[in-house]
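Asker: One structure is given below, represented as structure tokens, and several questions about it will come after.
Residue numbers (the numbering used here): 1 to 376.
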């Protein structure tokens, strides 16, 4: 993954990701930020080498990122590393894709995912107990959008809000259209109509010409319309993408562990990682990612600091996909593959049980002793 072209593409993803936080991806004007200018210069040089007509501006380069997929030769990404049809800018929402955010987190100092970990680490330091941190983290997952009126309703936790307030911001102008803000009825993340149109008659229904940050939500779901976005605070994007989005997988997996009496402990310095103290050196990690090779690279870095076996828990659509599983396994270092169990929340407990049983049987076979009644 360390080819020069791939690293340049990751930096381009960082430009797209950071640009959208400043405003519309279509509204860049001179002088360009240094990182954006450098990405443009690199692309111009590559196009000249390939005999391609280069983009002449950063907005032009960003339009390329909407129209041209990862597999386009101008980007030079090694074949098979990423989904060749993925783009950095969503063709409908004209916003950074999840692939873009994952690339902008890959081996990038201060990347999007690293920002999420840093924010949570700072939150953990502000909390006086593990319970305070658990409640604060739970608040973030459940309240992606906070409306001013919410803070005056019965049951509002002022202490938690005081700890997490700085993790919220006003919605960026790129997500507000004609004074209206949309969010998906499924993933609860920000949404847009194609062409950045404003809803005409109430909340629209998701279809092929709508966009939400989750990207994989079903069509036919009604979106939530917020008419007064100036009274809304939105969870920061890095936490939306890398904490809130995988929360459905995390919740389902934790419920499965609880139902089987498996005790778990949150690892506060990580995203969606838990220890299983009752099972020795097992750990569980919850993700919702688009690009399996990038997830494997990220997890390899984490697993290097772990002992024992790790369960990587994904949504059923990913865990049940032979293509996703194959690409993830191929990108893992060989020494790590026997220590990783990739599964869905529904299969989590069974996979851990089967692995634990097989491991005990191997140990007994190597020692020449018979299994005890407890093992049986």
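Glycine residues also receive a C-beta, built at the ideal position from the N, C-alpha and C atoms. If you're wondering where the values come from, they're calculated on a predicted model, not measured in any experiment.
1. For the stretch 268–278 and the stretch 109–129, state whether three or more C-beta atom pairs, one from each stretch, are separated by less than 8 Å.
2. Looking only at its chain, what residues have a beta carbon closer than 6 Å to the beta carbon of residue 8, apart from the 5 residues adjacent to it on each side?
3. Bridge partners for residue 312 per DSSP, in chain order?
4. What does the alpha-carbon distance come out to for the pair residue 122 and residue 187?
5. Quick check on residue 274: does DSSP put it in helix, strand or coil?
6. Of the residues 303, 112, 299, which one's Cα is nearest the Cα of residue 13?
7. Just curious, the alpha helix (DSSP H) that residue 254 is in, first and last residue?
8. Considering only the beta carbon of each residue, do residue 355 and residue 336 sit closer than 8 Å?
9. Since residue 203 contacts residue 222 with CB under 8 Å, what's their CB separation in whole angstroms?
10. Please confirm whether residue 313 and residue 284 have their CB atoms less than 8 Å apart.
11. What is the DSSP secondary structure of residue 222, counted as helix, strand or coil?
12. Following the continuous beta strand (DSSP E) through residue 84, name the residue where it begins and the one where it ends.
13. In angstroms, rounded to a whole number, what distance separates the CA positions of residue 287 and residue 295?
14. Taking the C-alpha atoms as reference points, what is the distance between residue 227 and residue 181?
15. Since residue 324 is in the alpha helix (DSSP H), which residue starts that stretch and which ends it?
16. Using the Cβ count rule (16 or more neighbours within 10 Å means buried), how would you classify residue 357?
17. My understanding is that residue 293 touches residue 327, with C-beta atoms under 8 Å, so please give their C-beta distance in whole angstroms.
18. Kindly indicate which residue of 20, 325, 282, 79 has the alpha-carbon position closest to the one of residue 5.
19. Would the stretch 254–262 count as touching the stretch 211–225 if we require 3 or more Cβ pairs under 8 Å?
20. Distance check for residue 96 and residue 197, CA to CA, integer angstroms please.
21. May I have a chain-ordered list of the beta strand (DSSP E) segments no shorter than 3 residues that lie completely inside the stretch 151–225?
22. What is the C-beta distance between residue 103 and residue 10, in whole angstroms, given that I count them as a contact (C-beta under 8 Å)?
23. Ordered along the chain, which non-local residues of its own chain (more than five positions away) have a Cβ less than 7 Å from that of residue 20?
24. Which of the three DSSP states, helix, strand or coil, is assigned to residue 106?
25. Spatial neighbours of residue 240 within its chain, please: C-beta separation below 7 Å, excluding the five flanking residues on both sides.
26. I believe residue 16 touches residue 74 by the beta-carbon criterion, under 8 Å. Please report the beta-carbon distance rounded to the nearest angstrom.
27. Kindly give me the distance between the Cβ atoms of residue 168 and residue 146, rounded to whole angstroms, as I take these residues to be in contact under 8 Å.
28. Give the secondary structure of residue 96 by DSSP, where H, G and I count as helix, E and B as strand, and everything else as coil.
29. Give the secondary structure of residue 298 by DSSP, where H, G and I count as helix, E and B as strand, and everything else as coil.
30. With DSSP as the reference, please indicate the residues paired to residue 265 in a beta bridge.
31. Could you tell me which of 76, 150, 206 sits nearest to residue 231, measuring between CA atoms?
32. Just mark residue 371 as buried or exposed, buried being the case when its beta carbon has 16 or more other beta carbons within 10 Å.
33. Measure the Cβ-Cβ separation of residue 262 and residue 349 and say whether it is below 8 Å.
34. Using the C-alpha atoms, what's the distance from residue 291 back to residue 319?
35. Give the DSSP-derived three-state secondary structure of residue 90 in the structure shown.
36. Where does residue 62 fall in DSSP's three states?
Answerer: The relevant details are as follows:
1. Contact between the stretch 268–278 and the stretch 109–129 is present: 3 or more CB-CB pairs across the two stretches fall below 8 Å.
2. 42
3. 285, 342
4. 26 Å
5. strand
6. 112
7. 247–259
8. no
9. 5 Å
10. yes
11. strand
12. Counting along the chain, residue 84 falls outside any beta strand (DSSP E), and DSSP gives it neither H nor E.
13. 9 Å
14. 6 Å
15. 322–331
16. By the neighbour-count criterion, in which a residue is buried when 16 or more other Cβ atoms sit within 10 angstroms of its Cβ, residue 357 is exposed.
17. 5 Å
18. 79
19. no
20. A straight line joining the alpha-carbon of residue 197 with that of residue 96 spans about 18 Å.
21. Listed in chain order, they are 180–183, 190–193, 210–212.
22. Correct: roughly 5 Å between the Cβ atoms.
23. 95, 96, 174
24. Coil at residue 106, not helix or strand.
25. Sequence-distant partners of residue 240 (beyond 5 residues in either direction) whose C-beta falls short of 7 Å from its own C-beta, in its chain, are 144, 189, 213.
26. With a Cβ gap of about 15 Å, residue 16 and residue 74 do not count as contacting.
27. 6 Å
28. Shown here, residue 96 sits in a strand according to DSSP, grouped into three states.
29. If DSSP states are grouped into helix, strand and coil, residue 298 belongs with the helices.
30. 275
31. 150
32. In this prediction, residue 371 scores a pLDDT of 40, lower than 50, which makes its location untrustworthy; the coordinate-derived value is nonetheless stated afterwards. So residue 371 ends up on the exposed side.
33. Their beta carbons are under 8 Å apart, which means residue 262 touches residue 349 by this criterion.
34. For residue 319 and residue 291, the distance between alpha carbons rounds to 13 Å.
35. coil
36. helix
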